[in-house]
Each structure stands twice: as structure tokens, then as C-alpha cells.
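S.K.:
There are 2 protein chains.
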Amino acid sequence: MPDALRLRPLTPEAFAPFGDVIAAAGQAEIINSGMTRKFADQARIDVECEGGRPAVHIYRSAPTALPLTVTMLERHPLGSQAFMPLQDRPWIVIVAPPTDIPDRGAICAFLAHGLQGVNLARGVWHHPQVSLEEAADYLVIDRAGPGENCDIHSIERPLIIRSLETERP
Amino acid sequence: MPDALRLRPLTPEAFAPFGDVIAAAGQAEIINSGMTRKFADQARIDVECEGGRPAVHIYRSAPTALPLTVTMLERHPLGSQAFMPLQDRPWIVIVAPPTDIPDRGAICAFLAHGLQGVNLARGVWHHPQVSLEEAADYLVIDRAGPGENCDIHSIERPLIIRSLETERP
Numbered sequence: 001m002p003d004a005l006r007l008r009p010l011t012p013e014a015f016a017p018f019g020d021v022i023a024a025a026g027q028a029e030i031i032n033s034g035m036t037r038k039f040a041d042q043a044r045i046d047v048e049c050e051g052g053r054p055a056v057h058i059y060r061s062a063p064t065a066l067p068l069t070v071t072m073l074e075r076h077p078l079g080s081q082a083f084m085p086l087q088d089r090p091w092i093v094i095v096a097p098p099t100d101i102p103d104r105g106a107i108c109a110f111l112a113h114g115l116q117g118v119n120l121a122r123g124v125w126h127h128p129q130v131s132l133e134e135a136a137d138y139l140v141i142d143r144a145g146p147g148e149n150c151d152i153h154s155i156e157r158p159l160i161i162r163s164l165e166t167e168r169p
Numbered sequence: 001m002p003d004a005l006r007l008r009p010l011t012p013e014a015f016a017p018f019g020d021v022i023a024a025a026g027q028a029e030i031i032n033s034g035m036t037r038k039f040a041d042q043a044r045i046d047v048e049c050e051g052g053r054p055a056v057h058i059y060r061s062a063p064t065a066l067p068l069t070v071t072m073l074e075r076h077p078l079g080s081q082a083f084m085p086l087q088d089r090p091w092i093v094i095v096a097p098p099t100d101i102p103d104r105g106a107i108c109a110f111l112a113h114g115l116q117g118v119n120l121a122r123g124v125w126h127h128p129q130v131s132l133e134e135a136a137d138y139l140v141i142d143r144a145g146p147g148e149n150c151d152i153h154s155i156e157r158p159l160i161i162r163s164l165e166t167e168r169p
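As you go down the protein sequences, you meet chains H and A in turn.
Each residue of the first sequence is one higher than the last, beginning at 1 in UniProt numbering.
Each residue of the second sequence is one higher than the last, beginning at 1 in UniProt numbering.
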């Protein structure tokens, strides 16, 4: 029977080893004659390595029913990759630190609410974004350019996410 | 009485003089073992001028009731600026070509649906994003870095948007 992977709430502190949480939180600047609150500089976009440039995509993602078995992780060794949900639906972010191969014991799964995105730091192992119940779209900001920018690693003894219940932070 | 500015539907063709429409349209690449459709390379991010870097913000925008009087436009001479709505709510994009000062007769207003974003090309004159009925959040991708990157221009004889009815494309 696979080991359980428990979800954790997505917070900037808990996610710090993996990158940035993108969310309208904290101090805002007031712009546009008072009509707009600007939550500035949410993500360290790191895409210049080996002649890269920023690229913007939309990922339309089919839903996944739990339990979800985590059998693989991927990483982008040449740049960061940000995901921002576009329809205010909760989703799951699964990550591991940027070691040479994923450290199975260090894999973390976060439950994000629908107005939270993440920016994965360069080289951070991650599972494809997990949409729940309904298909969902994400704005993705990553690196385009020369070079091989995707490694995939199988997880020998898969982990399983059984429920949306989260551990205490 | 101010001249009327009629809304047009937002399409890539109509918006081409001003930048890119960001939307899950056209050909998609299938990735993530079939779970994700990738609509690639939606926006020409142009932020490197004078030592700039890409920056990501969330703009939380108060709603505007129609009629809306357009009394000013702004532009960013050093970089592009992309807006993507985060709650699937329609919004209005008001732009003018990147001439030295805005050409009042060339001001265009587009009604975007909630899964359409835009990337304003460098120097394109624009009004702050207009949210309708409810407050709304936008992911913004623009340029951070040295230099003066915001010009504001008053429109001497304001234009007025009276309704959400759109002209034929």
C-alpha cells in the first residue's frame, strides 16, 4: 500500500523553499486614482539562463479525482515557472527541493485556493498542476529559448494523496 | 456633450495594432500525459529595455459603473504590460496607438470576456483596466527596473462609453 502524502495549506512561509506564492496579500500600493490596489513584485522570474526569454502560456487542465497517486515529478533546470489559476478554483501543488534527483521523503503537497498561484524556482521538482472537480485554466510564465529544459523522474514507491483535508501549517 | 466611444468585441485581429490577446484559442499542444492542453506563447513580453526585468503583480480593481468618461490615457515607454483577469469576469480595455501623444480619433475600447487577457505593446496608450459590476483581480506582467516608465496624458475633449453593447467586429 502506497505511503500517504498529506496536503498542507499553501502559505508563503511553507512554500519558501520551492519559490513564491502569488496572491493579493500584504501591503498594497494604491494606483490609478485610487481605483486599484497593486500587490507588487509577486514572483522572481528567472528565465535568462542560456539565452532564455519570458514566455506566457495558458494551460487548460483536466480534473483529477482523489485519491491521486504521485508517480513522477519533473523539473525545469533552466528557468522558473509560474502558475496562476484563472477561474478561482482550488488546486494542488506538489513539489520537492531542487536536488539532483527528487528526495522522496521531502515531497510536499499544498492545497491552494483559487486566488493563489505559485512561482516554482528554477530546478524545483514538481508534479503537473492538479485541478479538482472541474477543468481549469492557468496562466503560466516560464522560459522559452535554447537548451533542454525539462527533466522527468519516476517515483519508485509512489505516494498517494487521499483527501483534501490539510495538516495544520 | 462628450463624443461616444463604442465598445468593440476583443479579437486578436482587431487588437493587433496594440498588442496580443491572451486566450485559450487556436491550436493547443497536448502535454502532461494528455491531462493538459497548452496554448503556447501568448504574449511578446518586452521588458529588457534599459536594464529592465519582468515583474509580476496582482492588481485588485474597484468596479466602474457605466457611463464611463475617458479623461486620460497612460503609456509605458520602456516595456510591455500584460493583464489577465483572475475571476472570469468581463472587463474593458481602452487603448490608442503608440504615437507621441494620443490620437483622440484612434482611441479604441474593447469588451473582453473573463478568460481574455491582453498584452499591451511597449508605448501603447491605455486607460487603467476597467472592471464591471464587481471588483476584480488581474495578474499583471510588466517591466521593473531603472528609468521613467509611465507617461500620463489628459484627453482634452473626453469620450464617453455609455453601454456594454458592442459594434460588429
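Note that beta-carbon positions come from the ideal geometry of N, C-alpha and C, so glycine has one too.
If you're wondering where the values come from, they're calculated on a predicted model, not measured in any experiment.
Please classify R37 (chain H) as buried or exposed, where buried requires at least 16 neighbouring CB atoms within 10 angstroms.
M.R.: So R37 (chain H) counts as buried.
S.K.: Below 8 Å between beta carbons is the criterion; list the residues of the stretch 37 to 69 of chain A that meet it against any residue of chain H, in chain order.
M.R.: Of all residues in the stretch 37 to 69 of chain A, R37, K38, F39, A40, D41, Q42, A43, I45, V47, R53, P54, A55, V56, H57, I58, Y59, R60, S61, A62 and T64 have a Cβ within less than 8 Å of some Cβ in chain H.
S.K.: If you compare alpha carbons, which of H:H153, H:A43 and H:V21 is closest to I101 (chain H)?
M.R.: The residue with the shortest Cα to Cα distance from I101 (chain H) is H:H153.
S.K.: Give, in chain order, every unbroken run of the beta strand (DSSP E) that is at least 3 residues long and sits entirely within the stretch 77 to 116 of chain H.
M.R.: Segments of the beta strand (DSSP E) lying fully in the stretch 77 to 116 of chain H: 81 to 85, 91 to 96 and 108 to 112.
S.K.: Using a threshold of 8 Å, state whether the C-beta atoms of P146 (chain H) and E74 (chain H) are closer than that.
M.R.: No, the pair does not count as a contact, with Cβ atoms beyond the cut-off.
S.K.: Residues in its own chain within less than 6 Å of G123 (chain A) by CB, not counting five upstream and five downstream?
M.R.: Excluding positions up to five away in sequence, the list reads R75, P77 and P98.
S.K.: Closer than 7 Å, Cβ to any Cβ of chain H: which residues of the stretch 94 to 105 of chain A, in chain order?
M.R.: Within the stretch 94 to 105 of chain A, no residue qualifies.
S.K.: Just to confirm, is the Cβ distance from V93 (chain A) to W125 (chain A) under 8 Å?
M.R.: No, they are not a contact pair.
S.K.: Return helix, strand or coil for S13 (chain H), following the three-state DSSP convention.
M.R.: With the sequence shown as reference, residue 13 (chain H) is identified as Glu, and Ser is not the correct amino acid for it. Residue state, collapsed to three classes: helix.
S.K.: Three or more C-beta pairs closer than 8 Å, one from the stretch 126 to 141 of chain H and one from the stretch 21 to 41 of chain H: is that the case here?
M.R.: Output reads no: the stretch 21 to 41 of chain H does not touch the stretch 126 to 141 of chain H.
S.K.: When DSSP labels each residue in this structure, what does G19 (chain H) get in the three-state scheme?
M.R.: Note: G19 (chain H) maps to strand in three-state DSSP.
S.K.: Taking the Cβ atom as the reference point for each residue, do Q81 (chain A) and L120 (chain A) lie within a distance shorter than 8 Å?
M.R.: Cβ atoms of Q81 (chain A) and L120 (chain A): closer than 8 Å.
S.K.: Does N149 (chain H) have its Cβ less than 8 Å from a Cβ in chain A?
M.R.: So, not an interface residue.
S.K.: Using 10 angstroms around the beta-carbon of M84 (chain H), count the other beta-carbons present and answer buried if the total reaches 16, otherwise exposed.
M.R.: Under this definition M84 (chain H) is a buried residue.
S.K.: Do R53 (chain A) and A144 (chain A) have their CB atoms nearer than 8 Å?
M.R.: It is a contact, given that the beta carbons lie within the stated cut-off.
S.K.: How many angstroms separate the CA atom of Q27 (chain A) from the CA atom of Q42 (chain A)?
M.R.: In a straight line, the C-alpha of Q27 (chain A) is about 12 Å away from that of Q42 (chain A).
S.K.: Should R89 (chain A) be labelled buried (16 or more other beta-carbon atoms within 10 Å of its own) or exposed?
M.R.: When all chains shown are included, R89 (chain A) counts as buried.
S.K.: For Y138 (chain A) and I107 (chain H), what's the separation of their Cα atoms in angstroms?
M.R.: Going from the Cα of Y138 (chain A) to the Cα of I107 (chain H) covers about 31 Å.
S.K.: Whose Cβ in chain H lies nearer than 7 Å to the Cβ of S128 (chain A)?
M.R.: Strictly speaking, residue 128 (chain A) in this sequence is Pro, with Ser absent from that position. Simply N32, M35 and T36.
S.K.: By DSSP's criteria, I30 (chain A) is part of a beta bridge. Which residues make up the other side?
M.R.: Answer by DSSP bridge pairing, in chain order: A:R37.
S.K.: What first and last residue would you give for the beta strand (DSSP E) that runs through H127 (chain H)?
M.R.: Neither: H127 (chain H) is in no beta strand (DSSP E) and is coded neither H nor E.
S.K.: Have a look at A62 (chain H) and I31 (chain A) and give me their C-alpha separation to the nearest angstrom.
M.R.: Straight-line Cα distance between these residues: approximately 11 Å.
S.K.: Got a sec: is the Cβ-Cβ distance from D137 (chain A) to anything in chain H below 8 Å?
M.R.: At least one chain H Cβ lies under 8 Å of D137 (chain A).
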